[in-house]
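Encoded as structure tokens, the structure appears first; notes follow it.
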Amino acid sequence: GDSVTQMEGPVTLSEEAFLTINCTYTATGYPSLFWYVQYPGEGLQLLLKATKADDKGSNKGFEATYRKETTSFHLEKGSVQVSDSAVYFCALSGSYGQNFVFGPGTRLSVLP
Amino acid sequence: DTAVSQTPKYLVTQMGNDKSIKCEQNLGHDTMYWYKQDSKKFLKIMFSYNNKELIINETVPNRFSPKSPDKAHLNLHINSLELGDSAVYFCASSRRGTYNEQFFGPGTRLTVL
Chain A
16 GDSVTQMEGP
26 VTLSEEAFLT
36 INCTYTATGY
46 PSLFWYVQYP
56 GEGLQLLLKA
66 TKADDKGSNK
76 GFEATYRKET
86 TSFHLEKGSV
96 QVSDSAVYFC
106 ALSGSYGQNF
116 VFGPGTRLSV
126 LP
Chain B
-9 DTAVSQTPKY
1 LVTQMGNDKS
11 IKCEQNLGHD
21 TMYWYKQDSK
31 KFLKIMFSYN
41 NKELIINETV
51 PNRFSPKSPD
61 KAHLNLHINS
71 LELGDSAVYF
81 CASSRRGTYN
91 EQFFGPGTRL
101 TVL
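So the protein sequences, as listed, match chains A and B. Position in the first sequence (from 1) plus 15 gives the number in our numbering. Note that our numbering gives residue 35 to position 45 of the second sequence, counting from 1, and the numbers run on in steps of one.
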């Protein structure tokens, strides 16, 4: 079945450091790919998405590119802030929209 | 306006009790979901309803029963609560289709004593 793998956390960075959180997936067909963010005590919020190969999703300084050849959707940000501290989830929606799969989440802590 | 709302936000109860969590969405979506998030933040889908019909029922105990009175509501009823049911439960909704993201509620933290 479809699956999503993320790098294990926690990830701890200093403010203004470069962030990469790796995400790879296994799916049949052409899934859509998503990054969600969960701030402490809150529900998940969509951060960005990409619906076809080579699409780049971006929001709030975060970017991720849908790479079909490497089945990856790595999340990047050039300069993190303390307010980016949260848990980040990579997810996919299967070809027929019937199977939404989340990765295990990566906790990010940004220190001032 | 709140897109996906859940009540209550916190629920503390004794083992063996029966409880319900309510979810409502005002986005006009036709698919709603329940997820369980454990202490390590791992998300597990429990149920999915599309137009009031169950389309996913992962291997959850039959003590958990979803009820959807209409496509804007998906409630979760839990019988005979156990310690292991303690978790955060999230409701979500989406339009059906590959491209459509899910919108999440704020979560209900259930603690079983």
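C-beta atoms are modelled at their ideal positions from N, C-alpha and C, and glycine is treated no differently. Computed from a predicted model, the values in this text were never measured in an experiment.
Q) residue 54 of chain A and residue 68 of chain A: beta carbons closer than 7 Å? A) no
Q.
Short of 7 Å in beta carbon distance, which residues of its chain neighbour residue 116 of chain A, apart from the five on each side in sequence? Order them along the chain.
A. 17, 18, 19, 106, 107
Q. What runs of the beta strand (DSSP E), each 3 residues or longer, lie entirely inside the region 17 to 42 of chain B?
A. 21 to 27, 33 to 40
Q: Would you mind telling me which residues of chain A sit closer than 7 Å to residue 39 of chain B, beta carbon to beta carbon, in chain order?
A: Chain A residues near residue 39 of chain B: none, gap ~13 Å exceeds 7 Å.
Q) Is any heavy atom in the ligand ATP found nearer than 6 Å to the beta carbon of residue 92 of chain B? A) Looking for the ligand ATP in the displayed structure turns up nothing, as the structure carries no ligands at all.
**Q.** For residue 20 of chain B and residue 47 of chain B, believed in contact at Cβ under 8 Å, the rounded distance
**A.** Not quite, the Cβ-Cβ distance comes to about 18 Å (not below 8 Å), so this is no contact.
Q: In the DSSP assignment, find the unbroken beta strand (DSSP E) run with residue 122 of chain A in it and report its ends.
A: 121 to 126
Q: Please check the pair residue 17 of chain B and residue 93 of chain B, which I expect to be a contact at CB under 8 Å, by giving their CB distance rounded to whole angstroms.
A: 6 Å
Q: Mind listing, in chain order, the continuous beta strand (DSSP E) runs of no fewer than 3 residues lying wholly within the region 41 to 67 of chain A?
A: 47 to 53, 59 to 65
Q: Please list the partners that residue 25 of chain A has in chain B, where partner means a Cβ-to-Cβ separation under 7 Å.
A: In chain order: nothing, as chain B lies at least about 11 Å away.
Q.
Buried or exposed, going by whether 16 or more other CB atoms sit within 10 Å of the CB of residue 35 of chain B?
A. buried
Q: Could you work out which residue in A/44, A/61, A/43, A/42 is closest to residue 101 of chain A when comparing CA atoms only?
A: A/61
**Q.** Rounded separation between residue 125 of chain A and residue 12 of chain B - CA only
**A.** 35 Å
Q.
For chain B, check one thing: does any of its Cβ atoms lie closer than 7 Å to the Cβ of residue 55 of chain A?
A. no
Q.
Please identify the residue among B/5, B/22, B/2, B/26 whose C-alpha is closest to the C-alpha of residue -6 of chain B.
A. B/22
Q. Hey, how far is the Cα of residue 32 of chain A from the Cα of residue 95 of chain A?
A. 6 Å
**Q.** Partners in chain A for residue 31 of chain B, counting only beta-carbon separations shorter than 8 Å
**A.** 53, 102, 119, 120, 122
Q | Separation of residue 15 of chain B from residue 83 of chain B, as counted between CA atoms | A | 7 Å
Q. Do you know how far the Cα of residue 47 of chain A is from the Cα of residue 27 of chain B?
A. 23 Å
Q: Please compile the residues from chain B whose C-beta is within a distance smaller than 7 Å of the C-beta of residue 73 of chain A.
A: Going along chain B, no residue has its Cβ under 7 Å from residue 73 of chain A, so there is no contact; the nearest lies around 15 Å.
Q.
Using beta carbons (cut-off 7 Å, strictly below), is residue -2 of chain B in contact with chain A?
A. no
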